[in-house]
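Before any comments, here is the structure.
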Amino acid sequence: MNNSFFKDVISVVVVALSVFSVPAFSSGIEVKKTLPVHYGGRVVVGELDKSPTYTYSWPGVYFEATFVGTAVDVKLNDSNNILNVIIDGQAPIVLTRPGKTTYSIDNLAEGTHRIRLEKRTETQFGTGTFEGFFIPKNGQSIASDKPKRSIEFIGDSAVVGYGIRSPKRECTEEEIFSFTDTQLTYAALTAKAFDADYQINALSGFGVVRNYNGGIPEHTFLSLYPYALNDQGALYQSNWSPNITVIGLGGNDFATPLNAGEKWKTREALQDDYVKNYKDFILSLRKKHPESHFILLSYAVVGDELEGQIVRVIKELKQKGVRDIGLVTVKPVVLSACHWHPSETDHKNSADILIKHINANPQLWN
Numbered sequence: 010m011n012n013s014f015f016k017d018v019i020s021v022v023v024v025a026l027s028v029f030s031v032p033a034f035s036s037g038i039e040v041k042k043t044l045p046v047h048y049g050g051r052v053v054v055g056e057l058d059k060s061p062t063y064t065y066s067w068p069g070v071y072f073e074a075t076f077v078g079t080a081v082d083v084k085l086n087d088s089n090n091i092l093n094v095i096i097d098g099q100a101p102i103v104l105t106r107p108g109k110t111t112y113s114i115d116n117l118a119e120g121t122h123r124i125r126l127e128k129r130t131e132t133q134f135g136t137g138t139f140e141g142f143f144i145p146k147n148g149q150s151i152a153s154d155k156p157k158r159s160i161e162f163i164g165d166s167a168v169v170g171y172g173i174r175s176p177k178r179e180c181t182e183e184e185i186f187s188f189t190d191t192q193l194t195y196a197a198l199t200a201k202a203f204d205a206d207y208q209i210n211a212l213s214g215f216g217v218v219r220n221y222n223g224g225i226p227e228h229t230f231l232s233l234y235p236y237a238l239n240d241q242g243a244l245y246q247s248n249w250s251p252n253i254t255v256i257g258l259g260g261n262d263f264a265t266p267l268n269a270g271e272k273w274k275t276r277e278a279l280q281d282d283y284v285k286n287y288k289d290f291i292l293s294l295r296k297k298h299p300e301s302h303f304i305l306l307s308y309a310v311v312g313d314e315l316e317g318q319i320v321r322v323i324k325e326l327k328q329k330g331v332r333d334i335g336l337v338t339v340k341p342v343v344l345s346a347c348h349w350h351p352s353e354t355d356h357k358n359s360a361d362i363l364i365k366h367i368n369a370n371p372q373l374w375n
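Under this note's numbering, the first residue of the sequence shown is numbered 10, with each subsequent residue one higher.
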């Protein structure tokens with residue numbers, strides 16, 4: 010199997026693939042009301058003109074609001090990402106690196122509407138800020154019902170949706186960016202199938218103890234996971250506590266042979282280091298989220314080495330009294346996205362496997 014399945018990425022980005030028959034960027038309507046926002050994913054909440062703002066860098070974040078009226082403004086300050094704006098579940102309005110602007114939607118039918126903003130792309134070294142939804146003075150905000158279920162996905166490029174929309178395997182950096190879409194991954198599909206809030210905390214190319222081909226040895230996924238943004242500034246602080254935690258880490262650790270100069274002298278030493286650190290990471294998550302159930306993912310395409318180490322992790326955790334943990338193996342086979350990454354079809358198949366597993370174990374939501 011081509012080892013570039015888990016190739017490292019510096020930045021990623023996604024083409025506008027749909028059209029929406031509403032006015033494009035404008036100076037905005039005269040706003041009088043800020044809509045209350047429900048959001049998913051890691052954000053840093055700030056304030057601008059007495060209205061909350063939301064800065065993000067991790068993939069898969071989203072923002073939702075419900076209102077009665079015929080118009081709504083979306084205020085943005087994001088030159089690094091591609092975003093979906095979705096009204097009432099229709100095809101997305103795709104905004105590519107919109108910058109600091111207000112996107113206005115008007116001529117909506119009278120009645121209640123739901124608006125959603127989604128981050129599609131990966132930005133390992135950049136942020137964006139959502140500055141809120143606004144409606145005219147005569148509009149009415151409606152409190153959104155918060156989903157009763159929640160699920161967190163932790164992983165690498167496979168969870169990010171690296172190049173998922175690509176019609177070819179060989180891609181430039183700009184094409185990787187433009188074809189990546191976290192909202193099409195098995196993670197987003199699984200969460201939406203259960204109407205669950207979700208976080209997708211993933212970094213392409215990073216592993217538990219070793220990154221793809223031994224790159225960037227001073228940082229691993231585990232060293233970056235605690236931060237609210239990828240700038241290693243403030244630690245992430247939140248009352249987020251998912252019902253289910255799905256983790257798919259290890260492809261990058263084992264995807265390539267060891268290079269001269271790496272700290273592991275043998276493959277067995279790398280395996281032992283992976284098992285120890287992966288186990289400790291899960292124990293730290295369990296301490297933080299004592300009621301969460303854990304699902305560890307293995308990707309059959311990587312080979313038996315990865316799954317063998319995950320089995321070791323689960324065995325050692327169960328010996329420590331962790332019972333609410335299991336293994337699910339997904340089997341991407343098309344691998345037609347950038348650098349032999351899973352295709353949309355692969356992600357749909359993986360979502361089906363994961364959904365079937367959760368449906369067979371409804372206690373995972375308890």
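Idealized CB from N, CA, C, for every residue including glycine.
In this text the structure is predicted, and so the values were computed from the model without any measurement.
Scanning E353, N370, P371, N375 for the CA closest to the CA of A196 turns up E353.
By alpha-carbon distance to E179, the top candidate from N116, S345, A369 is S345. Rounded to whole angstroms, the gap between the alpha carbons of A74 and G242 is 29 angstroms. Per the C-alpha coordinates, the member of G141, A205, L57 positioned closest to I367 is A205. An exposed status is given to N147, since fewer than 16 other beta-carbon atoms sit within 10 Å of its beta-carbon. By the 16-neighbour rule on beta-carbons within 10 angstroms, E227 is exposed. The Cβ atoms of L258 and G216 lie closer than 8 angstroms to each other. Taking all protein chains in view, the Cβ of G98 is surrounded by fewer than 16 other Cβ atoms within 10 Å, so the residue is classified as exposed. By the Cβ neighbour-count rule, E184 is buried, with 16 or more other Cβ atoms within 10 Å of its own.
Residue environment for G270: exposed (fewer than 16 other C-beta atoms within 10 angstroms of its C-beta). With a threshold of 16 other beta carbon atoms within 10 Å, A360 meets it and is buried. Within the same chain, and ignoring the five residues on either side of I319 in sequence, the residues whose Cβ sits closer than 7 angstroms to its Cβ are G259, L305, S307, L336.
Boundaries of the alpha helix (DSSP H) harbouring I185: 182–188, taken from the DSSP string.
Secondary structure of P101 (DSSP, three-state): coil. In the DSSP annotation of this structure, L326 is not part of any beta strand (DSSP E); the continuous alpha helix (DSSP H) holding it starts and ends at 313–328. Counting only runs of at least 4 residues, the region 153–178 fully encloses the following alpha helix (DSSP H) elements, listed from N- to C-terminal order: 166–169. In this model, W349 and N222 are separated by some 16 angstroms (Cα to Cα). Taking a cut-off of 8 angstroms for Cβ pairs, the region 139–159 and the region 40–47 touch, as three or more such pairs fall below it.
In this structure the region 73–91 does not lie against the region 164–171, because fewer than three pairs of beta carbons, one per stretch, are closer than 8 angstroms. DSSP places A196 in the uninterrupted alpha helix (DSSP H) bounded by 195–202.
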